[in-house]
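Data block below; observations after.
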Amino acid sequence: MNIGIFVNSKTGNTLFVAKKLKDRLAAMGHKVALEKVVAGNDGEMDPGKIVLSNPPSIKGYDMLVFAAPVNGARLAFGMQAYLQSLPSLEGKLLAGFVTEAFPFPWMGGNQAIRGMEKLVQAKGGTLSAAGVVNWMFTGKRKALIAETIEKIAAISN
Ligand SMILES: Cc1cc2nc3c(=O)[nH]c(=O)nc-3n(C[C@H](O)[C@H](O)[C@H](O)COP(=O)(O)O)c2cc1C
């Protein structure tokens, strides 16, 4: 399968998980690309005003994974703007995950995933796998990274 991982990451946490996911999917025999989603004006608090720098194309991928941090208990605005900018996602296999500082998914992570699901549905798609990685405690973080990666790897079979 040709898989694209589209990652928005300010301080590297989400990118760290995305790279591990890339290695896992590649080890399964998939062709995997890591594509960065970067907002030129990252601090902008209105997703409608976000300007994306060279937004990656989704053309040619069978499966897409969207990854971003939680900001203010919501999906990072750069990823919101990117998802809104996409063409139809109908027929694509889709997954997503978010990372957040706080130790429980109800502290923004679940809400961010719901936000991602809504934006994906607006493009005719649905998330077949999703994960929240809480960063604060090392042991829990490692377990959630492994769980998220395995959930996403499982749908690529
Ligand atoms: C502006 C801003 C808002 C944030 N809001 C939240 C939040 O609501 N809940 C939370 O758990 N973490 C929050 N965080 C922490 C990040 O979600 C967390 O550190 C994440 O792993 C960063 O990912 P990155 O390194 O890929 O940018 C916030 C960080 C920033 C910069």
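Taking the working numbering, the leading residue of the sequence shown gets 188, the next gets one more, and so forth.
C-beta atoms are modelled at their ideal positions from N, C-alpha and C, and glycine is treated no differently.
(request) Would you identify the three-state DSSP class for M232, choosing helix, strand or coil? (result) For the purposes of this step, residue 232 is taken as the residue at position 45 of the sequence shown. Coil at M232, not helix or strand.
(message) Could you pull the DSSP bridge partners for M250 from this structure?
(response) In the sequence shown, the residue the question calls residue 250 occupies position 63. Beta-bridge pairing links M250 to I190 and L280.
(message) Measuring straight from C-alpha to C-alpha, what distance separates K279 and S343?
(response) Position 92 of the sequence shown, counted from the start, is the residue given in the question as residue 279. Position 156 of the sequence shown, counted from the start, is the residue given in the question as residue 343. Answer to the nearest angstrom: the Cα atoms are 11 Å apart.
(request) Would you mind stating whether V319 and E287 have Cβ atoms separated by less than 8 Å? (result) Locating residue 319 in the sequence shown gives position 132, counting from the first residue. Locating residue 287 in the sequence shown gives position 100, counting from the first residue. Cβ atoms of V319 and E287: closer than 8 Å.
(request) Whole angstroms is fine: what's the gap from F324's alpha carbon to N200's? (result) Here residue 324 corresponds to residue number 137 of the sequence shown, with the count starting at 1. Here residue 200 corresponds to residue number 13 of the sequence shown, with the count starting at 1. The alpha-carbon atoms of F324 and N200 are separated by roughly 13 Å.
(request) For the alpha helix (DSSP H) containing S272, list its first residue and its last residue. (result) Residue 272 sits at position 85 when you count from the first residue of the sequence shown. F264 to S272 is the extent of the alpha helix (DSSP H) around S272.
(request) Take L221 as the anchor and find which of N321, G247, G265 and I190 has the nearest alpha-carbon. (result) In the sequence shown, residue 221 corresponds to position 34, counting from 1. Here the closest residue by C-alpha is I190.
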